[in-house]
Structure formats: structure tokens, C-alpha cells
Amino acid sequence: MQNNIPQPASEPTQAVDGCAYDLWQKGYGVIEHSEATCGRVQSLANRLVKAGLQPDETTVYQKLAALDRLASAGLWLVAHMTYANRVDVSGDPLKPHDFKLQPQGHTGGALNMVPAYAAYLALNNLTGQTRSWLMGQGHCVAAVEAINVLTGNLHPEQAQRYGSADGQSRLARDFYNYRQCTDGTVSAPLGSHVTPYTAGGIIEGGYLGFAELQYAHMPLPGESLVAFLSDGAAEEQRGSDWIPRWWRAEDCGLVMPIMIANGRRIEQRTELGTRAGLERFEEHLAARGFDPYPFDGRDPAAFVCALFEMEQSLKASGEEALQGKIRYPVRIPYGIAETVKGFGFYGAGSNAAHNLPLPGNPRLDAPARELFNQHAARLWVAPDELNLSIARISEHARQCRPLERDHPLALRNPQEPTYPHLPPCENRRSPMSAVDDFFCALVDANPELRARVGNPDELASNRLNGVLAALKHRVLEPENEQESIHGKIITALNEEAVVSACLANKAGLNLVASYEAFCVKMLGAIRQELIFSRHQKEIGRPAQWLGVPVVATSHTWENGKNEQSHQDTTFCESLLAEMNDVSRVLFPADYNSTLALLPSVYRRRGQISTLVIPKRERPCLFSWDEAEALSERGAIVVDEDTSGGEPLLLMANGAYQLAEAIRVCERLRETGTSFRLIYIQEPGRLRQPRDAMEAEQTLPDFAREQLFPAQITRRVALTHMRPEVFRGHLHSLFPKTKHSRVLGYLNRGGTLDTAGMLFTNRCSWAHTLAACALVMDKPPGEWLSAAELAAVEGRGTPGVITGV
0 MQNNIPQPAS EPTQAVDGCA YDLWQKGYGV IEHSEATCGR VQSLANRLVK
50 AGLQPDETTV YQKLAALDRL ASAGLWLVAH MTYANRVDVS GDPLKPHDFK
100 LQPQGHTGGA LNMVPAYAAY LALNNLTGQT RSWLMGQGHC VAAVEAINVL
150 TGNLHPEQAQ RYGSADGQSR LARDFYNYRQ CTDGTVSAPL GSHVTPYTAG
200 GIIEGGYLGF AELQYAHMPL PGESLVAFLS DGAAEEQRGS DWIPRWWRAE
250 DCGLVMPIMI ANGRRIEQRT ELGTRAGLER FEEHLAARGF DPYPFDGRDP
300 AAFVCALFEM EQSLKASGEE ALQGKIRYPV RIPYGIAETV KGFGFYGAGS
350 NAAHNLPLPG NPRLDAPARE LFNQHAARLW VAPDELNLSI ARISEHARQC
400 RPLERDHPLA LRNPQEPTYP HLPPCENRRS PMSAVDDFFC ALVDANPELR
450 ARVGNPDELA SNRLNGVLAA LKHRVLEPEN EQESIHGKII TALNEEAVVS
500 ACLANKAGLN LVASYEAFCV KMLGAIRQEL IFSRHQKEIG RPAQWLGVPV
550 VATSHTWENG KNEQSHQDTT FCESLLAEMN DVSRVLFPAD YNSTLALLPS
600 VYRRRGQIST LVIPKRERPC LFSWDEAEAL SERGAIVVDE DTSGGEPLLL
650 MANGAYQLAE AIRVCERLRE TGTSFRLIYI QEPGRLRQPR DAMEAEQTLP
700 DFAREQLFPA QITRRVALTH MRPEVFRGHL HSLFPKTKHS RVLGYLNRGG
750 TLDTAGMLFT NRCSWAHTLA ACALVMDKPP GEWLSAAELA AVEGRGTPGV
800 ITGV
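Going by numbering that gives the first Met the number 0, the residue at position 627 of the sequence shown is 626; the numbering climbs one at a time, nothing skipped.
Laid out in C-alpha cells, this is it:
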């Protein structure tokens with residue numbers, strides 16, 4: 000496959016010191032260097048010296064020889080992490096009791112990642128620049144942990160545990176040991192996937208495909224990112240094909256995607272496991288704006304050459320684009336590391352390589368034990384030789400650069416924005432207009448913060464006209480004033496792709512908006528982000544990116560004109576189940592309550608906020624003071640009448656539910672019934688906290704008691720969500736089951752208007768009034784006319800209630 004990446008000169012410069020070159024060329028253990036790689040390495044050495052990055056070619060070859068030894072030691076340690084309880088650095092064969100009773104590990108993929116990650120470290124040393132990295136296949140984390148332990152690139156928790164003389168043995172013992180602390184958390188600073196304990200880790204990689212969607216949107220200009228991707232994800236997530244559509248030198252850093260093409264899933268070969276499949280994939284990439292760059296994925300030096308040449312190529316293309324010499328899209332270099340699953344150890348290339356490549360447990364099976372010791376011996380590096388090798392490709396202090404654990408993307412901490420102060424509204428307006436007004440003003444006030452809008456389809460339909468006019472769709476060939484080569488709006492009919500563009504933009508300001516029913520397709524990406532952010536917080540290094548709002552508009556109760564596929568409350572329900580200190584779920588009911596909420600959404604770092612917002616015009620029910628109080632507390636008393644006897648507590652959650660509840664209050668007042676109406680904008684503030692960190696976000700007991708006095712035991716709630724979900728999360732608000740009812744979405748819908756949706760789900764004002772009568776031990780007929788009661792009971796005409 001032809002590509003535009005610079006190739007080695009036809010007559011590469013020979014090494015100044017033949018001994019250094021010969022030492023590297025011999026390889027080490029299972030690592031060999033092909034003729035093609037040798038040519039590329041000679042060209043690399045020449046270019047590094049000419050650029051003043053290395054003093055001479057001899058030094059380059061010495062460092063590449065050191066890289067071979069680090070990679071071999073990494074392979075050796077990964078095999079031990081799967082099978083062994085003890086590491087013998089002398090290289091002596093292990094005995095039966097040295098092995099685990101229950102070996103475990105994603106061994107094959109981790110072995111494949113060792114030369115890749117080791118090469119990333121070596122490239123940083125060779126050029127004196129600490130690049131960022133991410134790994135989409137998080138189950139390969141053993142490779143990263145092993146190399147980090149060997150090189151001392153560790154966070155304090157791992158340094159304390161694995162930085163001592165027996166640290167490698169402790170690492171092996173900890174890997175998949177399942178031990179817990181007294182609070183139930185994992186005892187070791189280690190996991191089966193990337194965790195915040197992993198030095199430099201920024202995504203878990205537990206759900207293949209999201210790294211592919213995010214990497215182009217991560218680095219800022221002047222930064223470089225190495226993205227290690229899996230061939231399995233290439234089959235799963237085609238949104239990654241659009242990366243050349245989004246990359247711009249003006250606001251994107253350099254990206255080097257590297258696919259580890261080992262050709263196997265868990266139990267069968269992938270299409271990329273064949274030569275024809277690889278060739279088709281290269282053709283596929285080339286047709287979509289990439290420059291495929293195949294190389295030997297078994298050789299760490301081949302990785303170094305590929306990464307360096309890819310980076311130089313994209314840098315040159317980006318500069319030409321900035322100068323107007325070429326048009327977008329520029330071709331994005333795409334490395335394809337051709338290898339076999341589990342290279343370097345027994346069982347390479349087989350299905351067994353994925354998990355446990357040996358035919359038996361070496362603790363119990365002598366032939367398996369012999370195979371382990373035999374294959375591990377080929378990878379072992381003498382401690383003195385290894386220490387010298389590590390010293391040669393580290394040198395962070397001498398080069399005055401940070402450890403790889405502290406790469407730019409791992410330390411994202413954008414400055415606090417300047418927040419706009421916009422006037423409240425006194426008339427009817429779409430609550431989505433508040434989002435539009437605020438985000439436009441926020442972006443305008445903070446030009447240094449890169450803006451991204453994730454949009455699956457229709458911004459105008461969702462009342463984001465100002466955002467559309469100011470920020471524009473990012474396209475390659477603009478055809479109207481709403482489009483621009485440098486637009487900030489990432490638009491694609493792929494919810495995962497557009498939300499990933501914003502989740503990746505941790506250096507800036509983000510806004511995601513989509514139809515509520517279709518937001519469900521974003522759940523996997525969002526949940527992965529929430530989990531990682533929560534884990535960062537748990538270990539005392541909380542994420543510092545600005546909060547990200549995901550707006551679910553055109554929601555269930557407004558989308559009656561479409562079929563039931565467009566009527567789904569799953570999104571907010573699912574995110575309400577996540578921990579409230581990283582996942583807020585909000586239901587602003589009018590313009591003012593929406594506007595008052597938005598600054599807190601961005602101020603809360605490391606947090607994703609789901610905002611379920613009407614797009615139709617709604618009356619402004621809350622004054623500015625009330626809207627701010629609602630934002631602060633999550634709930635507010637809307638109306639109250641204490642003139643009657645035993646009171647009724649009525650709760651509303653959702654804009655249209657509040658409107659129905661207000662109508663119910665009018666009838667209750669007419670009947671002389673005491674009541675209190677509370678609007679619940681943020682249900683998570685009222686739940687029973689599940690741990691101490693969530694407790695910091697929930698209302699204290701005295702504030703809850705002020706809103707929901709214990710003596711008012713008869714309670715009815717009307718919710719945007721499914722009633723079972725609302726009742727389950729807020730069960731403490733319903734102390735007496737007999738005297739409480741919750742009404743909401745019952746999975747009923749169709750081509751209906753809003754009133755029809757409320758009626759078919761039995762949560763109209765009339766159904767709510769009937770529920771109120773029942774909890775007050777009164778017959779509903781006392782509060783409803785005969786025609787209304789007949790409609791509620793399914794005997795009469797719905798139009799009596801709906802007005803249609």
C-alpha cells in the first residue's frame with residue numbers, strides 16, 4: 000500500500016560506531032529486526048542527529064538496543080503477572096509453589112502492547128519530548144503496569160508498593176488477586192484494565208471503540224498523542240473513520256493512531272488476521288483520508304520509527320494547511336502494527352493466547368511449568384544489563400521533561416472560565432433558549448478555551464440557533480453560512496461519535512444536545528467516563544476538566560408527534576443510577592431555572608450533568624431568586640395551602656409534570672384540601688447516599704425535613720421518569736406505602752400530543768388528582784366530575800381530560 004509518510008533514504012547513513020549498530024541489529028531474545036526495519040532505523044538515527052535531538056548515531060543505536068532489553072523484560076514480567084506469585088530476577092526456573100492457584104490475565108493482548116508502550120517511552124527519550132498516550136484496549140494494562148514498574152514511572156501508591164526490591168514479585172501477586180479492603184474496595188493499586196493508579200492512564204478502555212472516537216479531539220496544538228488501538232474495535236466502531244473530517248491544525252494537536260493488528264478476538268480470528276483482510280483495511284483507510292503505515296508489530300524499534308515518521312508527516316501536513324498550501328482534510332498517518340496474538344510467549348497466534356496460553360496450570364501441571372520456564376528464559380534480562388538499559392532510555396531529569404505519568408492529557412486543568420451574567424426572563428420562552436444564550440456568551444467570554452458542541456442531528460430544532468450561527472458545523476466543503484471548515488460543532492448521525500468529541504475535549508468548553516430517546520446510544524461512552532472520574536476522586540486525584548452538560552431535549556413528553564421510538568426516559572434513569580457526585584441529573588422547568596443551573600454545571604469539575612429540558616415555550620414559573628435557590632438545593636416549595644385539615648404532599652419532577660401538578664393544586668384548593676407542592680429539579684440530591692462522597696452532594700437531614708415534613712405522610716409524586724425508578728431512588732420520600740402514589744412514564748405512547756402522552760401514561764392532572772384522593776382515603780368522584788372520572792377509569796372520552 001502506498002503512503003505519503005516519509006520513507007528511509009535509498010542509501011541510509013551507516014552507524015558511526017559499527018559495534019553499537021551491530022549490537023542492536025542482533026536483537027535480543029525473541030526480538031528480531033527485519034531488513035526493512037533496519038533501513039528505517041538508520042534513517043531515523045540520521046534524522047535525529049541532524050535535528051540536534053541526539054549527539055550522534057551511536058547513541059541512538061545504544062538506546063534502541065536498550066529498548067530491546069526493556070521490551071524483553073516487559074514480556075517476561077507480563078507472563079509472570081499472569082501465572083506467578085513470585086518473580087526471580089536471577090532468571091532461575093520457578094518451582095510449583097511459585098505459581099498461582101488460579102492464573103488470570105488478558106495475556107496475549109498485553110504481550111502485544113509491551114513493544115508498543117516501551118517504544119513510546121523510548122521515542123520520548125530520543126526526541127526529548129513527553130507525549131501523551133491512551134490505550135483503547137484497557138485489558139492490555141499488564142503491559143503498561145509492567146513497563147512502568149521496571150522504569151519507575153509510577154504514581155505514589157504504586158511506587159510505595161512496587162518500587163522496592165521485591166516490587167516485581169508484589170506486582171505479580173497483586174495482579175488478579177481479588178483481595179479487598181475492609182470497605183470492600185480492591186486492596187491493590189492495580190486492576191484488570193487501566194485505572195487512575197496506572198501512571199499516565201486517562202481512560203479505562205473497558206469498552207472497545209471509544210478511544211478511536213476520541214483521540215483526534217484530545218490534544219491541543221503543540222501537543223502530541225499516541226493512541227494505541229485494537230483491531231477488534233476497528234470492526235465495532237466505524238465512527239473512527241471520520242477522524243480526518245474533524246482534525247484541524249488550528250485547534251488540534253498531533254495524533255498518531257497505532258492499531259495493534261494481532262488478528263484475533265477472544266475465540267476466533269478477525270478479518271485483519273489474514274493478509275487479504277489487512278490489505279482491504281489499508282484500502283478502507285486510504286479511501287477515508289488516512290495514510291496507512293504497516294510495520295512489524297513484534298519489533299519495538301519498528302514502533303519507534305513508525306511513530307516518529309507519522310508525527311513528522313502530520314506535522315508537515317498541518318503546517319502546509321496553516322499556510323494555505325493544501326486543503327482539508329489532511330491525510331492522517333495510521334500505523335498498523337502487524338503481529339500475532341501473544342507474540343513472545345508460548346501459544347502465540349492461537350485462541351488460547353488471549354487469556355491463558357499454556358495448556359495447563361504450571362502450579363499443578365509439570366509440562367505446563369516446563370513450558371513456562373522455557374519460554375520465560377528466552378525473555379529474561381540480567382538485572383545489571385536491564386538497569387543500564389533503563390537508564391539509557393529514561394533521562395527525564397537530564398532532559399528537563401516530565402515523567403510519562405505526567406503527560407499533558409493526564410494533567411488537564413483548564414483555567415476557571417469567566418461566566419456570563421445574563422438577565423432572567425419574565426415571559427414565556429423555551430428553556431433551551433437559556434442554554435443557547437448562556438453557551439454562546441460563555442464561549443465568547445473565554446476564547447482561550449477550545450469549544451466543542453456534540454450534535455447528532457438538528458440544532459435548530461432544539462432551539463440552539465445562536466450556537467449554530469456562532470460556532471457552525473465543522474465540514475470539509477461549506478455550502479451555507481451555518482457551516483465552516485473550522486466550525487466547532489461536530490455533527491454526525493452517530494451519537495457515540497459526537498458525545499466522544501466533547502468527552503475528549505477536556506481542555507475546553509463543551510455542550511452535547513440530542514433527542515432524549517437517542518441519547519441512550521451515548522450511555523456506554525458516558526458511563527466509562529463517569530467510572531474513571533469517580534475512581535480518580537476515590538484515590539484523591541480528582542479529574543480537573545470542566546463539567547460537561549449533556550442536554551436531552553425533544554424529550555418523551557414533547558415527542559408525541561413521533562412514534563414510541565422517540566419516547567424513552569431510559570437515559571436520565573440510567574444516569575440517575577450513577578454516583579451523584581460525578582453524575583447529576585437535572586430537570587429545569589423554565590428559562591430561569593435552566594439559566595441559573597448552567598454555571599454550576601461547568602464549575603463542577605470531573606462531572607457530567609444530564610439536563611432534561613423542554614424545547615417548547617414554557618411560562619417562567621420561577622423568579623430569579625427562586626431559580627437560584629432551586630439550583631442550590633435541588634428542590635423548592637412551589638405552592639402551599641394550609642387552610643384545611645390533614646395536608647397532602649404533592650411532588651413534581653419534570654416541566655410538564657409541574658404544569659399538571661399546578662392544575663391539581665387548583666382543584667385541591669377548591670376542595671379546601673391542605674397541600675404542599677414541591678418541585679424536584681435534581682432528584683439525586685434527595686436520595687439516601689450510598690457512600691461518603693455522595694453524601695457530600697445530598698441535602699442534609701434538616702433541609703430535607705424543611706421540604707418534606709415527616710408529619711405529612713400522604714404523598715403523591717408525578718415524575719418525568721418511570722415511576723418505579725423515581726420511587727426506588729427516592730424511597731425515603733415515601734415512608735408509608737399505603738398512603739403514597741408515584742405516576743410517570745408507563746412505556747405507553749404513539750403518535751400523540753403532550754396531553755395525549757400524559758393521559759395514556761395515566762399521569763395527567765386528572766389521574767394525579769384521582770391518586771391524591773385515594774391516598775387521602777377519599778373516593779376520586781368527590782374531586783372529579785362524572786365525565787372526568789369516567790375518562791380516568793377508562794370508561795369515558797379522553798378528550799374531557801386532554802381537550803382534544
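A virtual CB, placed ideally from N, CA and C, is assigned to each residue, including glycine.
Computed from a predicted structure; not experimentally measured.
N- and C-terminal bounds of the beta strand (DSSP E) containing residue i
{"i": "Val452", "result": "Ala450 to Asn454"}
{"i": "Thr718", "result": "Arg714 to Thr718"}
{"i": "Ala634", "result": "Ala634 to Asp640"}
{"i": "Phe371", "result": "Element bounds for Phe371: not the beta strand (DSSP E) but the alpha helix (DSSP H), Ala365 to Ala376."}
{"i": "Leu510", "result": "Leu508 to Tyr514"}
{"i": "Ile202", "result": "Taken as a continuous stretch (DSSP letters only), Ile202 belongs to no beta strand (DSSP E), as it is neither H nor E."}
{"i": "Ser794", "result": "According to the sequence provided, residue 794 is Arg. The question's Ser does not apply to it. Element bounds for Arg794: n/a, residue is neither H nor E."}
{"i": "Leu742", "result": "Ser739 to Leu742"}
Nonlocal neighbours in the same chain, by C-beta distance under 8 Å from residue i, ignoring five residues either side
{"i": "Leu153", "result": "Asn147, Tyr161, Gly162, Ala198 and Arg404"}
{"i": "Val715", "result": "Leu647, Leu648, Leu649, Met650, Ser739, Arg740, Val741, Leu742, Thr767, Ala770, Cys771 and Val774"}
DSSP beta-bridge partners of residue i
{"i": "Gly334", "result": "Ile257 and Tyr292"}
{"i": "Ala226", "result": "Leu133 and Pro256"}
{"i": "Thr490", "result": "Asn454"}
{"i": "Leu357", "result": "For Leu357, which the question treats as bridged, DSSP gives no partner whatsoever."}
{"i": "Leu585", "result": "Leu610"}
{"i": "Gln179", "result": "Val185"}
{"i": "Leu676", "result": "Asp638 and Leu649"}
{"i": "Phe98", "result": "Ala83"}
{"i": "Arg668", "result": "BP columns for Arg668 are empty, so no partner."}
Enclosing alpha helix (DSSP H) for residue i [first to last residue]
{"i": "Asp21", "result": "Gly17 to Gln24"}
{"i": "Ile530", "result": "Leu522 to Glu537"}
{"i": "Arg244", "result": "Ile242 to Trp245"}
{"i": "Ala806", "result": "Beyond the ends of the chain as shown, which are 0 and 803, falls residue 806; an answer cannot be given."}
{"i": "Phe280", "result": "Arg274 to Ala286"}
{"i": "Gln705", "result": "Asp700 to Leu706"}
{"i": "Tyr815", "result": "A query on residue 815 cannot be resolved here, the shown segment of the chain reaching from 0 to 803 and no further."}
Helix, strand or coil at residue i [DSSP, three-state]
{"i": "His730", "result": "helix"}
{"i": "Pro646", "result": "coil"}
{"i": "Asn45", "result": "helix"}
{"i": "Ala551", "result": "strand"}
{"i": "Glu577", "result": "coil"}
{"i": "Glu482", "result": "strand"}
{"i": "His472", "result": "strand"}
{"i": "Ala187", "result": "coil"}
{"i": "Arg39", "result": "helix"}
{"i": "Ile30", "result": "strand"}
{"i": "Gln566", "result": "coil"}
{"i": "Arg617", "result": "strand"}
{"i": "Thr464", "result": "In the sequence on display, residue 464 carries Asn and not Thr. In this structure, Asn464 counts as helix in the three-state DSSP scheme."}
{"i": "His154", "result": "coil"}
{"i": "Tyr161", "result": "helix"}
{"i": "His876", "result": "Any property of residue 876 remains undetermined from this structure, which presents the chain solely from 0 to 803."}
{"i": "Ala444", "result": "helix"}
{"i": "Phe344", "result": "coil"}
Spatial neighbours of residue i in its chain, beta-carbon cut-off 6 Å, leaving aside the 5 residues before and after
{"i": "Phe98", "result": "Tyr82, Ala83, Pro361 and Arg362"}
{"i": "Ala19", "result": "Thr57, Tyr60 and Gln61"}
{"i": "Ala600", "result": "Note that residue 600 corresponds to Val in the displayed sequence, not to Ala. Counting only Cβ-Cβ distances below 6 Å, and skipping sequence neighbours, we find Gly546, Pro548 and Ser608."}
{"i": "Tyr116", "result": "Ala142, Val143 and Ile146"}
{"i": "Ala109", "result": "Val77, Cys139, Ala141 and Ala142"}
{"i": "Pro86", "result": "A quick correction: the sequence has Val, not Pro, at residue 86. Excluding positions up to five away in sequence, the list reads His79, Gln167, Ser168 and Ala171."}
{"i": "Pro760", "result": "At residue 760 the sequence reads Asn, which differs from the Pro that was named. Within the same chain, Asn760 has close Cβ partners Tyr744, Leu745 and Arg747."}
{"i": "Val474", "result": "Glu482"}
{"i": "Arg287", "result": "Asp240"}
{"i": "Tyr333", "result": "Pro256, Leu284, Phe289 and Pro291"}
{"i": "Ala542", "result": "Ser532, Gln535 and Gly605"}
Beta-carbon proximity list for residue i, same chain, < 7 Å, skipping 5 on both sides
{"i": "Arg172", "result": "Asn84"}
{"i": "Gly26", "result": "His32 and Asp67"}
The ligand SAM heavy atom lying under 7 Å from the CB of residue i
{"i": "Gly453", "result": "The ligand SAM is not part of the structure shown, which contains no ligands of any sort."}
Exercise. Could you name each continuous alpha helix (DSSP H) segment of 4 residues or more that falls completely within the stretch 378–433, going from the start of the chain to the end?
Key: 382–391 and 395–398
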